[in-house]
Amino acid sequence: MSVKTYREALHETLRGELIRDERVFLMGEEIGIFDGSYKITAGLLKEFGPKRVRDTPIAEEGFTGAAIGAAMLGLRPVVEIMTINFSLLALDQIVNHAAKIYGMFGGQMSVPMVIRTPGGGGQQLGASHSQNIELYYSFVPGLKVVAPSTPADAKALLLASIRDEDPVLFLENLALYNTKGEVPDADEPAQIGQAAVTRQGRDLTLIGYSRMALVAQEIAEQLAESEGLDIEVVDLRSLRPLDRQTIVESVKKTHAAVMLEDDWLTYGIGAEIAATISDGAFDYLDAPVRRVAMAEVPLPYSKPLETAALPSRDDVANAVHETLDAMARRR
Amino acid sequence: MIQITMPRLSDTMEEGAISQWYKQPGERIEAGEPLVEIETDKATMDYEAYDSGTLAKILVPEGELVPIGTPIAELDDGAAPQEPPAGAPEGAAAPEPGLPEVPAPSTSTGTAGTATEAAPEPAPIAAEIPAAQPSSPAAQTGTPRILATPLVRAIARENDIDLNRVHGSGPGGRIVKHDVEALLGATPPAQPNSPEPAPAAPSAPVPADDRRASEELPLSNVRRVIARRLGASAREIPHFFVTAVADAEEFMRLRTELNERLVAAGRPKVSVNDLLIRAAALALREHPLVNASYQGDDATTMLVHHRINIGVAVASENGLVVPVIDDADRKTVTQLGAEAHALVALANDRKLTPEQMSGGTFTISNLGMLGVEEFTAIINPPEGAILAIGATRREALAVGEEIVAHYRMRYTLSADHRIIDGALAARFLQTLTSLIEDPWTIIA
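Line order of the protein sequences matches chains A and B.
If you count by the working numbering, then the first sequence holds residues 291 to 621, one letter each, in order.
If you count by the working numbering, then the second sequence holds residues 38 to 481, one letter each, in order.
This is the structure in C-alpha cells:
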C-alpha cells in the first residue's frame, strides 16, 4: 500500500499494463509529446515510443474507429478522449460499432478496448465542456461503463477494463485527479459490475459514483459527527453492468435511499437507481427515493451560477434530513 | 363515491372533533359550501366540501373525536363505488419481496392507454424535481386510500394490522414504520406525535380513588395542548425572573384623562392593558435581543425577530388562549385596544384561527384585574420572554421626606437564560418602567 493521487494511480497502471502486455497501446489527442491534457500519460511516449503511445489528430471519430479495428484484430487499445464531451464526435463508432460488433457478427470477434475520458463540471469550462453524459453510454448494451471514485478503484478498475474482452468506457473526473488515497501495490483487477458499500449504516442509504460517491462519503461522516446519524454509502463503481443486488440489499436494511448524481435529473442515472429500488425493495421502503442532481440547464460559465447549478453539499444534507423526517426518524 | 376524511387544519392538530354537521344524508352540497364544523386543538373551523354531490353517509357523529385521516363522511358524486378501504388484503398475490438471482426489473411496455382518461398535466418546460411528498389528505378528498409506505403495508400484511386505526406521522399523514412499531410490541412504544420535543419525563398517571373522592373530567383538546407545551417549556427552558415596580400615578392619571376625552369624542376607552402592550412593544424595540428565540442546542445561531408581535394571554370561556397582535410597536393604543377586544371576542366564540394564535415574539399575561400583586409566568415557546403584570394599586410611597399615596404597579419578566442574561432583562424592565412613569412617551 502507498498513498497516491488518482492521477498517479492511472499513470502507473497504464505504464504497468504497457510493460505487461505488448498488445496494449495508447491513442489520443496530445497524449504523447504534450504528456496528455491532464498529464496522465506523462513520459510514456519517451519510454515506450510512438508505436505504443500515439498522438492523433483532433478527429475523435477517426481514432476511435481505428482503435475498434485494432481491437478486432487482436490489439488492446486504450483510447484517451480529452473530455467526455468530445466523445459525442465518436458516438457512432462507440454505439454502432464497438458495442455491436460482437453481437452482430455472431461472436466471431470481440472488441477489447478502453475509452478513458473525464467528465465533470465545476471547472468553469462552459456548458459544452462540463457535461456528465456517461448516461448515454450506460444505456447501451454491449458496452461496459465504469466510474471509479478513489485512486485504489482507479487502478483496480483500469486493470480490469484493459483486461476485459468487451469495450469499456472508463469514466474519470476532473475534480478527482488530485485526490489522494491508499493504493495497493499488487495488480488486483476489480470485478466490473460490483458496487461497494464504502460505509456501513442503518439510517439511510446514500448512493453515488465517481465524484458524488466521495461527496456521499463526506456527508455521511459529517452527519455522523454532527448529528449522530448512521448513514450507509454505496459507491456504484460500475454503471453498466449495474450491481442492483448491492443497492437493493442496502435499502432493505435502511428502508430509504438518496441518490446523488452530477448529471441532470430527468432520465438520469438516479432514475434507473430509483427504479431498481422500486423493483427490488418496494416492500422495504419507508420513504420515497430522493435524487439530488444538477439544475436542468446547460452549465453556466459564471462561477456563482455554475456553483448554484451543481448539486451542493447542502442539497445533499437537506435531502437526507427531509427523508429521515418523512420517516419520523430524526429527533 | 368520495370519502371525506378528518382534515389536518393546523400544524399541531392530531385529532379533531365533529362539532356540527351542516348537511344531513341525502342533502345536496356544492363544492365550497361548508359541510361540517370541526373543533381542533386550537379553534373551531368550518370545513368546506371540495366536490359537489349528495351527502351519502355520515360516518362520525357530532361530538365524536377522531384522528386526522379518519373517514368522516361519504359524498356521492355519481361516480362508481370506490374500492375497498386500504387495510384490506391487497390481493392474494402479494409480491415476493426478494430479488431473483439476477435481479430482473420488469419491463412493462405498452401499458399506456387505459388510465389516460384524465387529461394529463401539461409538461413543464424546465423539469422540476418531483415532489416526494404526497399532498395532504385534506387536499385529496377523492382518495379513500390510506397513505402508508410500502414497508408499512408489508408489515401490516404480515402482522394483521388495520392501518385505518394507525395515525401517520409522515408528510401529509403518511404512516411510516415508526408509527406501527408500537403496535408490534417488539420495540418500545412510539412517543406521542407532537411537534414539541418528546417530554424527558412524562408525568406518571394518577389513578382516581375513593379516599379522595376523585372524579375524571375530560381534558379538552385545548387544555391538552396547553399542558404539553407548558410542561415542555418549564422542563426545558432555564427560566429566570426579574421583577420591577413602577410609580404608576402619572400613568393612571393619563389613562383617566385620555378616557374622559375619548368618551366625550364618542370613541371607545383604552385599558391599562392596551397601554402596557404598547409600552412593552416600545421597550422591545429598544432591546431587540429580548424579541428573540433560542433555536435548540444544535443550532449555532439564535433568531432575532424584526417584527414585534405580542401575544396576549386571554382566559377565555374555553380556556387559555394567546392571540397575537402583529406589529404592536407600530399601532396606536386605540388600535391595539380595538384589536385586543376583537381577539378576545373571537376567543370566547372559539373562532380564533391558528394564524391568529401563532407568530408571536413576546407574550404579556396580566392578572392585575384579578387583584394579583405580582406573579411569574411560564415562557410561551419559541419566544424568549414573557411579561407577567400584577395589579395597580395605591400604596404609601416616600417622595422626598413625605409619605404619599401613589399608584404602584409590579411586573415580572420571565426570560430564557440561554439567550437573555440578567442585565439585559433588567435593562428591558428599566426602559419599561421609565415608559410607565412618563406615560406620554407611550402614546407619543
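Just so it is clear, CB atoms sit at the ideal spot from N, CA and C, and this is done for glycine as well.
Keep in mind it's a predicted model, so treat the numbers as computed, not measured.
Cα atoms of Ala281/B and Val361/B: separation of roughly 25 angstroms, rounded to the nearest angstrom.
Close partners of Gly106/B in chain A (Cβ separation under 8 angstroms) are lacking, with about 15 angstroms as the shortest Cβ gap. Excluding residues up to 5 positions away in sequence, Pro367 lie with their Cβ nearer than 6 angstroms to the Cβ of Ala360/A in the same chain.
Comparing C-alpha distances from Val409/B to each of Ala433/B, Leu434/B and Met446/B shows the shortest one belongs to Met446/B. Inter-residue distance for Gly409/A and Ala564/A is about 23 angstroms (C-alpha atoms, whole angstroms). Along the segment 557-575 of chain A, going in chain order, the ones with a CB nearer than 7 angstroms to a CB of chain B are Ala565, Thr566, Asp569, Gly570, Phe572, Asp573, Tyr574 and Leu575. When C-beta distances to chain A are compared with 8 angstroms, the residues of the segment 199-214 of chain B below that value are Ser206, Gly207, Pro208, Arg211, Val213 and Lys214, in chain order. Scanning Leu380/B, Pro187/B and Tyr59/B for the CA closest to the CA of Ala86/B turns up Tyr59/B. In this structure, the CA atom of Glu478/A is about 21 angstroms from the CA atom of Tyr467/A.
Contact between Val385/A and Val430/A is confirmed by a C-beta separation of about 5 angstroms, below the 8 angstroms threshold. Any Cβ of chain A closer than 7 angstroms to the Cβ of Thr49/B would place that residue at the interface, and such an atom is absent. Per DSSP, Ala618/A is not a residue of any alpha helix (DSSP H), being assigned neither H nor E.
Using a Cβ distance threshold of 7 angstroms, Ser500/A and Ala437/A count as a contacting pair. Below 8 angstroms, enough C-beta pairs join the segment 463-470 of chain B and the segment 313-328 of chain B to call them touching: three or more. A direct Cα-to-Cα measurement between Ile323/A and Thr337/B gives close to 54 angstroms.
Within chain A, the residues placing a beta-carbon under 7 angstroms from that of Leu188/B are His545, Asp573, Tyr574, Leu575 and Asp576, ordered along the chain. With a cutoff of 7 angstroms on beta-carbon distance, Lys542/A and Ala506/A are scored as not near each other. Contact check for Ile391/A and Met399/A: beta-carbon distance about 7 angstroms, within the 8 angstroms limit, so the pair qualifies.
Burial is judged here by how many other beta carbons sit within 10 angstroms of a residue's own beta carbon; Phe395/A has fewer than 16 and is exposed. By the 16-neighbour rule on beta-carbons within 10 angstroms, Ile39/B is buried. Neighbours of Ala191/B in chain A, taken as residues whose beta carbon is under 8 angstroms from its own, are Asp573 and Tyr574 in chain order. Residue environment analysis places Ile358/A among the buried positions, since at least 16 neighbouring C-beta atoms fall within 10 angstroms of its C-beta. In the DSSP assignment, Lys390/A falls outside any alpha helix (DSSP H) and carries neither an H nor an E. One alpha carbon belongs to Glu64/B, the other to Leu72/B, and they sit about 11 angstroms apart. By alpha-carbon distance to Glu586/A, the top candidate from Ala598/A, Pro594/A and Ala577/A is Ala598/A. Comparing alpha-carbon positions, the option among Tyr427/A, Met617/A, Ile509/A and Arg534/A lying closest to Ser602/A turns out to be Ile509/A. Rounded to the nearest whole angstrom, the C-alpha separation of Glu111/B and Val259/B is 28 angstroms. Secondary structure of Ile358/A (DSSP, three-state): helix. With a cut-off of 8 angstroms on Cβ pairs, the segment 546-555 of chain A is not in contact with the segment 367-377 of chain A, counting fewer than three such pairs. Within 9 angstroms of the CB of Ala380/A, no CB atom of chain B is found; the nearest one sits about 28 angstroms away.
Judged by DSSP in its simplified three-state form, His342/B adopts coil rather than helix or strand.
Put simply, of Met394/B, Arg290/B, Leu102/B and Asp114/B the residue whose alpha carbon is nearest the alpha carbon of Glu52/B is Leu102/B. Beta bridge pairing from DSSP links Lys445/A with no other residue.
The beta carbon of Ser47/B sits closer than 6 angstroms to the beta carbons of Thr77, Lys79 and Pro391 from its chain, once the five residues preceding and following it are set aside; these are given in chain order. Any Cβ of chain B closer than 7 angstroms to the Cβ of Met502/A would place that residue at the interface, and such an atom is absent.
Around the beta carbon of Glu273/B, 16 or more other beta carbons sit within 10 angstroms, so the residue counts as buried.
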